[in-house]
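Colleague: Here the sequence shown is numbered in UniProt numbering, starting from 1 and rising by one per residue.
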Amino acid sequence: MIWIRNIRNGLHYQDRYTSSDGSCQSNWTESAITIGGGYIWKDVYAFAAEHGRIVVGGDDRTVGSIGGYIQGGGHGPASHTFGLATDQVLEYQVVLASGEIVTANACQNADLFTALRGGGGGTFGVVVSATIKAHKTRPVLVHQAEIVPLDTGNNGKNALLNVTAELLARFPTLLDAGFAGYAKLIQAGEQRVYEHVFVNLLESNTSAAVQHARQIMHKRVVEDVLLPLNGTSLFVKSSFQFVPTFGEYTSGVGSKQDSAGPGLMMASRFFDKKSLHDQQEGLLDMLHIMFSQNSTNSTGALPSASMFDFGLIGGGKVLESAPHTSVNPAWRKTYGLARYIDIWPDNADFREIQQINDGVTFQKQGAMKALTPGMGAYLNEADGENPEWKEDWFGGKYNWLSSVKDKYDPEGVFWCWRCVGSEGWEEVKGGTVYGPLCKV
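1. Curious, which full-length beta strand (DSSP E) runs of at least 3 residues does the region 333-395 contain?
2. Tell me whether T245, by its Cβ, gets closer than 8 Å to a heavy atom of the ligand ATP.
3. Could you tell me the boundaries of the alpha helix (DSSP H) in which D285 lies?
4. According to the neighbour-count rule (16 or more other Cβ atoms, all chains shown, within 10 Å of its Cβ), is C419 buried or exposed?
5. To the nearest angstrom, how far is the alpha carbon of G231 from that of G435?
6. Quick check: what's the CA-CA separation for D15 versus S31?
7. Does N230 come out as helix, strand or coil in the three-state DSSP assignment?
8. In terms of residues, what are the limits of the alpha helix (DSSP H) holding F246?
9. Near V63, which residues of its chain fall below 8 Å by C-beta distance, leaving aside the five closest residues on each side in sequence?
10. Starting from the C-beta of N297, find all residues in its chain whose C-beta is less than 6 Å away, skip the five residues before and the five after it, and write them out in chain order.
11. What's the C-alpha gap between R220 and G73?
12. Mind checking whether A382 and M290 have CB atoms under 9 Å apart?
13. Suppose contacts are defined by Cβ-Cβ distances below 9 Å. Is T173 in contact with H277 by that definition?
14. Look at the alpha carbon of W415 and the alpha carbon of K405, and state the distance between them as a whole number of angstroms.
15. Going by DSSP in three states, L264 sits in which element: helix, strand or coil?
16. Taking the straight line between their C-alpha atoms, what separation do you get for Q144 and E223?
17. From this set, S304, S65, L302, R332, which residue's C-alpha is nearest G316's C-alpha?
18. Extract the residue ranges of the alpha helix (DSSP H) inside the region 31-87, only unbroken runs of 4 or more that lie entirely within it.
19. For H12, which three-state DSSP category applies?
20. I think H75 touches I313, with their Cβ atoms under 8 Å apart; what is that distance to the nearest whole Å?
21. Once DSSP output is grouped into helix, strand and coil, what is the label at V413?
22. At which residues does the beta strand (DSSP E) containing A305 begin and terminate?
23. If you count every other CB in all the chains shown that lies within 10 Å of the CB of D392, and 16 or more means buried, which is it?
24. Within the same chain, show all residues whose beta-carbon is closer than 6 Å to that of G178, passing over the 5 residues directly before and after it, in chain order.
25. For F171, count neighbouring C-beta atoms within 10 Å of its own C-beta (all shown protein chains included) and say buried if the count is 16 or more, exposed if not.
26. Which residues does DSSP pair with H218 in a beta bridge?
27. Taking the beta carbon of E352 as the centre, do at least 16 other beta carbons fall within 10 Å, making it buried, or is it exposed?
28. When you compare the CB positions of F270 and Y378, do they come within less than 9 Å of one another, or not?
29. Do you know offhand how far V128's Cα is from D111's?
30. What's the gap between the Cα of A180 and the Cα of S251?
31. Less than 6 Å between C-beta atoms, sequence neighbours within five positions excluded: which residues of the same chain meet that for E195?
32. Can you tell me whether S295 is helix, strand or coil according to DSSP?
33. Run through DSSP, which three-state label would L168 get?
34. For H196, which residues does DSSP report across the bridge?
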């Protein structure tokens, strides 16, 4: 593994973008930020805010900014408004397997530039710098909700699944109205909770703009779904907050930081509009498969906790095809990205872990696939055991990406599990967790 965390050559702002040598004309003539090394999004968000700008980055501020996140697609709360993170890249500086440092943009090494805008990290070279678009900041309207069953038994669980399915079916309307963000349904033992943080990046801070966005959320979610839950077995919290700038959002209510450590199995799936809109019954069936206690397998190995995470991060600019990108074409139909996670118990043995993993691969992931024919999965947050990984992750672009890999890394110096070109090597187990790599 190559870790660039301590390779840092600064963050640099351009009020009007020009390429590094001035020779590559770009359609983008607004501001840009060059990220010179291993900075995390927290650093970049703060720097952008100093200049009154928004950059498209991760929901979790501790994620690295120029590695696999941006090279594999990259989504966040600003994606709906401005596009995927990889769509923002104007230029890369890349160390090739040969040791040569090259510029990759729309004019120089354009095929490498395209591959690095969606084809995945750890594959084509080591990116040591990326220049990305910087957009004028906007005011943000935030809506937060939390729903907790007062009954920890099946009645409470079923009530929570029902309301979650109802909300999921309403998400396309919210997205089309400019709201984006993340919703989660979490189960740990008999404790369950639904929560979401949605944001609307408003075009102005006028009272009319704020009130219009607020009314849409109030009608479609608060009035139609949440208020009727008063007096039922579900406890509900709901609140709005106005934040003057996106920078204040990312350093305040949006300052998310996930913990690391537990062993888990994950699967993801793109959801288009028709997979959500008015599909409450099918969505409820999917959630029951995911959260029923006997759904993992017949032998009884159960996760210590489970989470269904739905990123309302598509639609809008994400639907627009951008030149020089190699993301899965399914992204351009995506309204939301669903992730399902099972966490292994601390004392689980290998057999139990495999049973839980199989439950995710074949049952939980299968339930998502049944609702989303012809879509795919996000390669950065995918099930590594997915037997249809090439098509689900790359959507027909694998062969072209493989040809770029062969051109810039003919000896296969860069390798990672199920990345482009990985099938040329096999990991040979030798009594260790990770064995040596041998050519196939």
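By construction, the Cβ of each residue, glycine as well, lies at the ideal position given by its N, Cα and C atoms. Because the structure is a prediction, the values reported are computed rather than measured.
Modeller: In brief:
1. Annotation note: the region 333-395 contains the following uninterrupted beta strand (DSSP E) runs of length 3 or greater, listed N- to C-terminal: 334-343.
2. Looking for the ligand ATP in the displayed structure turns up nothing, as the structure carries no ligands at all.
3. 280-291 is the span of the alpha helix (DSSP H), which, as asked, contains D285.
4. Label assigned to C419: buried.
5. Roughly 57 Å between the two C-alpha positions.
6. D15 and S31 have their alpha carbons spaced roughly 4 Å apart.
7. If DSSP states are grouped into helix, strand and coil, N230 belongs with coil.
8. Run containing F246: 246-251, per the alpha helix (DSSP H) assignment.
9. So the list reads I40, W41, G57, Y69, once near-sequence residues are dropped.
10. No answer about N297 holds up, because its pLDDT of 46 lies below 50 and its placement is not dependable.
11. In a straight line, the C-alpha of R220 is about 30 Å away from that of G73.
12. Contact annotation: A382 and M290 have beta-carbon atoms that are not nearer than 9 Å.
13. Result yes, Cβ atoms of T173 and H277 sit closer than 9 Å.
14. Spanning the two alpha carbons is a distance of roughly 11 Å.
15. Three-state result, L264: strand.
16. Spanning the two alpha carbons is a distance of roughly 14 Å.
17. Among S304, S65, L302, R332, the Cα nearest to that of G316 is on R332.
18. You should have 41-50, 68-71, 79-82.
19. Three-state result, H12: strand.
20. Indeed they touch by this definition, with Cβ atoms about 4 Å apart.
21. It is coil, neither helix nor strand.
22. Per DSSP, A305 belongs to the beta strand (DSSP E) from 305-312.
23. Result: buried.
24. Same-chain partners within the cutoff: N200.
25. Looking at its Cβ environment, which holds 16 or more other Cβ atoms inside 10 Å, F171 is buried.
26. Residue pairing by DSSP places H218 opposite no residue, since no beta bridge is assigned to it.
27. Flag for E352 reads buried.
28. Yes, Cβ-Cβ distance for F270 and Y378 is below 9 Å.
29. Their backbone Cα atoms lie some 18 Å apart in a straight line.
30. C-alpha separation (whole angstroms): 18 Å.
31. If we look at E195 and ignore the five residues flanking it on each side, its Cβ neighbours are E146, K184.
32. Caution is warranted here: a pLDDT of 47 is assigned to S295, below 50, making its placement in the model unreliable, and the coordinate value is therefore given only provisionally. Reduced to three states, the DSSP call for S295 is coil.
33. Reduced to three states, the DSSP call for L168 is helix.
34. Answer by DSSP bridge pairing, in chain order: A145, A183.
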